[in-house]
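*Asks:* Residue numbering for the sequence shown follows the numbering used here, starting at 143 and increasing by one per position.
Virtual Cβ for every residue (Gly too), placed ideally from N, Cα, C.
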Amino acid sequence: MTWMVWLNPPYRYGSEEMRKIFTKENWLQKMLDVEAALAKAHAQVGNIPKEAAEYIASKASIK
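#1: Indicate whether A199 and K182 have their beta-carbon atoms separated by less than 8 Å.
#2: DSSP state of V176, grouped into three classes?
#3: If we ignore side chains and look at the alpha-carbon of each, how far apart do A185 and K201 end up?
#4: What first and last residue would you give for the alpha helix (DSSP H) that runs through I163?
#5: DSSP on M143, reduced to helix/strand/coil?
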């Protein structure tokens, strides 16, 4: 379906640099970065232990 091509970011953004930004791996890593940042913020305000935030941040990588 042609509308699926339009919704897929690599087809919407034509430059090589933009295609690298919108790879599945990069998208997933950015989501994990957000999770790590949220965990650290929750630790700062006392919602979770600091050790838990550090553990989450240490595992938030696709590598």
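*Replies:* Taking the geometry as given:
#1: The sequence position of residue 199 within the sequence shown is 57, counting from 1. The sequence position of residue 182 within the sequence shown is 40, counting from 1. Yes; because the gap between Cβ atoms is below 8 Å, this pair is in contact.
#2: Here residue 176 refers to the residue found at position 34 when the sequence shown is read from its first residue. Note: V176 maps to helix in three-state DSSP.
#3: Residue numbering aside, residue 185 sits at position 43 when the sequence shown is read from its first letter. Residue numbering aside, residue 201 sits at position 59 when the sequence shown is read from its first letter. So the two alpha carbons sit approximately 16 Å from each other.
#4: Mapped onto the sequence shown, residue 163 falls at position 21. It spans E158 to I163 - the alpha helix (DSSP H) in which I163 sits, taken as one unbroken run.
#5: For the purposes of this step, residue 143 is taken as the residue at position 1 of the sequence shown. Residue placement at M143 cannot be trusted, given a pLDDT of 47 that sits under 50; what the coordinates show is reported in the next sentence. If DSSP states are grouped into helix, strand and coil, M143 belongs with coil.
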